[in-house]
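All remarks here apply to the structure that follows.
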Amino acid sequence: MGKPKQYIEPVKNLILVVLFFTTMLLLYFFWGNPVLNSFKISDLIGDEAVEVPSYQSVTQPGRIVVHLGGGSYTVLEEEDFNAWQKYIELLQGLNPAEVLSVEEITAEQFDKIMEFRSIVYRFYYDLPQEAFLKRYSIKDIHGIDQIGEFSNFGFSSGSPESLFIYDGSKNKYYRIVSAKAHEEMDKLLSLVESSSNANYRRIGDLTGTANRTVIPIFLSTNMSELKCFPEFEDLNTIAVKEFAQTFFGESLDFVRQIHGSKGTHIYMYGYGEKVLTISASGKVEYKNKETSQSSQQSYFEALDTALQFVAAHGGWQTEEGMEMSPYVRFAKAVENNKQKGYRIIFGMRLRPESLYLESSHSVMVEVIHGQVTQYLRDMVYVEEPEYLKQEGTAKREAFSVINMIAHNYTYIASVLSESGYDFSGLEGEALFDAVSDLVVFVKAGYVKPEYAENKENVLFPAWIVNTGSTLIYFDLYSAEPLGHTDLWEE
Amino acid sequence: MDWTKAKTILIVALLITNIFLLCLYFSMKTDNGPTEERLQAETIALLEEKQIYIRGNLPDEHQKMPVLIVEYDRLDPEYISQKIDEQKPSDEEYVSREEVLKKTEEFLKDCGLWNKNVVLNKVEQNEDTFIVSYRNEYEGIPIEDSYIICTVRKGAVKEIDRFWLKPVGYGKSKKATLSASAALIDLMRSKNERDAILVEDIKMVYWLDPSDYEGETAVSDTALPAWRITYNEGQIKHVPAYSD
Amino acid sequence: MRRIISVLLILSVFLCGTVFAAATADPAVTIVSPSQTVSGNNLLVSVKMTAPKTIKVYVYEEKEKVGDTLVSIDPAAVAEEGFSSKTLYSVSLITPETFEGTGDLQFYNKQIDDITPGLYRIKVEVIDKDNAVTASSTHRTVVMPKDSETATGNEIFQSQQTGALQWVQNLIKSIFKN
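Residue numbers (the working numbering), protein chains in the order written: chain A, 1 to 490; chain B, 1 to 244; chain C, 1 to 178.
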């Protein structure tokens, strides 16, 4: 049969097509919509590898102070001479069989031994002893467990077989006595001596008081005002939605989203167990009230959790602007609903100078029993060409640190009074002495004040004065107060 | 390659697949029926053990639902005050219920507060005062808590209490919701009272709790599906309906 | 008689003491640093002002003549004998600096690098708007060589005695040293 046969093939083609489509349709009805919607390339390829800083890179001394003798000091930056790494290697190399003793010493003995050529690595928070020894693979030395926390580490050429430790939580000093002298540290001191300028002095030497905090006598710099940009300028972009999505799983479609009258975006899950707030200025606050079912973590485990969490929620760098280096600025143990954890404040370094925000922190993470309960992110970025432009300008002399404190001691006293310090009955020189005794460090850096008339989004070069739990900022050149931050304010 | 033979084989294979899928589809549908009824009966029995009694039947399971995006629609108190003052009260001693409803509707229309989402909820009378309540409904589903309560005396609106969420649109995707029985089990779990619970009404609504958020004034928000359970003479509990 | 007594008094003031303050010192101007004895190879001068004053700061090294040359004074010798018997020649280390203080508290500080052990004198004059000197104070300091601490490192950790006992120990040591 010729004629019908030539129609069979086209008909078969048609039937094939129809059956194909009906199969697809049935499959669609069978499994419903979500099949298509939830299909994402990222699920196939996997998320882009995000850079996570190591715990070593973020755990650096807040200040490395080298005494060159006669009350004359210099201060090292983290990468100078690999100073901190050398000390860590020294600790790691300690052979318990060669350690003669670990003994407590008095504060006076510590001060006296540091009168020799010496180096002190100062942390402005406490590193729990057990976690520190374990994480840095320092061998178990008999007697070392009497030290509760490591706050400062030191070496003095006056006792080269000793390593000195200060426990900030107990306010006690210790020395680890070895059989042999630590020649590497002595070599380091000589290297520093021959290549550094000794332009730091104790506050006490300048004012006639007892404060051993070192401050620069002069600073010649070309730091100037820098324009900065918030990480999230327009909250209605895809970038912000993708960022918010990282907190709530795949999709924001079932998350309660509230828009406030001032431009704030709030994302809420459940009855408010998980809330993500992004203000119009780009500041991010995430709170998770769910109780963790995991066990308690050590400080470094909590630090690892924090580092991973931030990497997965926004990352450690801004999309634009110059690269910044994160570091742990302060940390403290916290407790919530009988569960213990840590609150860690991270700072950002532009180059050697750090960035400070008066009303918040670049990154703050609270980790309790392995769960991030609070995450604060207020990242600003600076364009690299703008930063480099400073290097072409002439250097100026910064305002003298001691005179900056002398001009502002009543202001500093009023700020500290708000935190509970009592200066009643003190005025004039006596008040100044009391205030200057509280200074723990003074550094040059960039500050973004909370309110700056006509200068929104500007970083000001500033002196940053730390009195323990408060940071107070002054213009680097005019010593005008710029504001202050209470480190542990809720 | 013998295409004709290949095509024949493909057609047969696809046909078998289609028939198989159709059978599976219908068998699943019919399977759900009796299972769901049995589940309902079992749930009712379980709840009664815990002293939770249901008046009437449980509503059917809802299909997948999206979220509802809403905007806060706030009244300008001065404008409303002015509109209230502009009204002419009725001269008659007695104003009928129908008259009151008519007047209230007119007033709301005049203020620009009337639209297809405004649905009469109830009318209460206390001597010469009528309390007329309206609820907010979008495509047949109530939005809570959102209401207009008008106090009417002598045929004129004396007071308005309004908390209005203007529906903007649905979210992009849909998600499965809890069945009514599951919602009641949730209620049972959260109740600490020893007293018996008589469930008078259970209905799917869109719901948001404005007190969950404290801060600057909210402009827009998201209402999520929830089962509104009315029990023990008017007590209300909202149970979030998205299954996690 | 009175004149002889006053002359004797002035002479004794000159002969004794290593710290010598000018008769008219301004109470608002204090030399905080350096202290009587310092060590190292730089010198920190710190002056505290508790009123708005203008000061002029001079830093000298006190040298003695040996033959025809001026040499630094041996700090160890100063510690023991004092320098009252020596004729001192002041050699200026810096161009005298004028500093105008403002407010009710201000510090002038200057670090002079690369100095050698010896005897140094800091003079601070308070001058008025006509450049006339209204007050003056002087302060001498002995600069010891670096690392010349009397106690070695380990001695610091061995001494657990009380201060009084330490003093007696030091006294006995100094008697028997000679």
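Idealized CB from N, CA, C, for every residue including glycine.
1. Where does the unbroken beta strand (DSSP E) through K166/B begin, and where does it stop?
2. Pull the bridge partners of K249/B from the DSSP assignment, please.
3. Starting from the Cα of K180/A, find the closest Cα among A398/A, S195/A, L94/A, E193/A and give me that residue.
4. List, in chain order, every chain B residue whose beta-carbon is nearer than 9 Å to that of R256/A.
5. Using only CA atoms, which one of I236/B, Q82/B, L120/B, C150/B lies nearest to I197/B?
6. Residues of chain B with a CB under 7 Å from the CB of I509/A: which are they?
7. Determine, using beta carbons only, whether K53/C comes closer than 8 Å to chain A.
8. Is there contact here, the stretch 201-208 of chain B with the stretch 57-65 of chain B, by at least three beta-carbon pairs under 8 Å?
9. For V38/C, which residues in chain A fall below 8 Å Cβ to Cβ?
10. I want to see whether chain B comes within less than 8 Å of Y375/A, judged by CB atoms only; does it?
11. Could one say the Cβ of G112/B lies closer than 8 Å to chain A's Cβ atoms, at least one of them?
12. For I238/A, go through chain B and note every residue whose CB falls closer than 7 Å to its CB, in chain order.
13. Using only CA atoms, which one of V440/A, T410/A, Y124/A, N454/A lies nearest to A430/A?
14. Can you list, in chain order, the residues of its chain whose CB lies under 8 Å from that of E9/A, leaving out five sequence neighbours each side?
15. What residue ranges within the stretch 35-110 of chain B form continuous beta strand (DSSP E) runs of no fewer than 3 residues, ordered along the chain?
16. Would you mind telling me which residues of chain B sit closer than 9 Å to T23/A, beta carbon to beta carbon, in chain order?
17. Given this structure, state the Cα-to-Cα distance separating V17/A from L14/B, to the nearest angstrom.
18. Would DSSP call I45/A helix, strand or coil?
19. Around the Cβ of F26/B, are there at least 16 other Cβ atoms within 10 angstroms (buried) or fewer (exposed)?
20. Here's a check: name, in chain order, each residue in its chain whose Cβ is nearer than 8 Å to the Cβ of G71/A, leaving out the five neighbours to either side.
21. By the 10 Å Cβ neighbour count, where 16 or more other Cβ atoms means buried, how is L76/A classified, buried or exposed?
22. Leaving out the 5 sequence neighbours to the left and right, which residues in its chain are closer than 6 Å to V67/B when beta-carbon positions are compared?
23. Go ahead and pull the three-state DSSP assignment for M28/B.
24. Restricting to runs no shorter than 3 residues, where is the beta strand (DSSP E) found entirely within the stretch 269-329 of chain A?
25. Is it the case that the stretch 122-133 of chain B contacts the stretch 142-158 of chain B, given that we only count it when at least three CB pairs across the two stretches are under 8 Å?
26. What does G171/B reach in chain A if we use C-beta pairs closer than 8 Å?
27. Using a cut-off of 7 Å between C-beta atoms, extract the partners of E264/B located in chain A.
28. Can you name, in chain order, every residue of its own chain whose Cβ lies under 6 Å from the Cβ of D186/B, other than the five neighbours on each side?
29. Please name the residue in V126/C, M144/C, I4/C whose C-alpha comes closest to that of D26/C.
30. Which residues does DSSP list as the beta-bridge partners of S57/A?
31. How far does the alpha helix (DSSP H) with P96/C in it reach, from first residue to last?
32. Give me the DSSP bridge partner(s) of R140/C.
33. Work out the CA separation of K227/A and V458/A for me, nearest whole Å.
34. Rounded to whole angstroms, what is the Cα-Cα separation between G249/A and A413/A?
35. Can you find the residues in the same chain that come closer than 8 Å, C-beta to C-beta, to D140/A, ignoring five residues on each side of it along the sequence?
36. Can you check whether the C-beta of I344/A is within less than 8 Å of a C-beta belonging to chain C?
From the atom records:
1. 156-170
2. Outside the displayed range of chain B (1 to 244) lies residue 249/B, so it cannot be described from this structure.
3. L94/A
4. V67, L208, D212, Y213, D221, T222, A223, L224
5. I236/B
6. The structure shown does not extend to residue 509/A, since chain A is modelled only from 1 through 490, so no value can be given for it.
7. no
8. yes
9. G70, G71
10. no
11. no
12. Those within 7 Å of I238/A in chain B number zero; the least Cβ separation is about 14 Å.
13. T410/A
14. none
15. 52-54, 68-73
16. L14, T17, N18, L21
17. 10 Å
18. Because the pLDDT at I45/A is just 48, under 50, the model does not fix this residue reliably, and the value given afterwards should be weighed accordingly. I45/A: helix per DSSP, three-state reduction.
19. exposed
20. R201, R202, D205
21. buried
22. G171, T222, L224
23. helix
24. 274-278, 284-288
25. yes
26. D253, F254
27. Any property of residue 264/B remains undetermined from this structure, which presents chain B solely from 1 to 244.
28. V239
29. V126/C
30. DSSP, once it has assigned bridges, lists no residue as partnering S57/A.
31. From DSSP, P96/C is part of no alpha helix (DSSP H); its letter is neither H nor E.
32. R121/C
33. 5 Å
34. 48 Å
35. P96, L133
36. no
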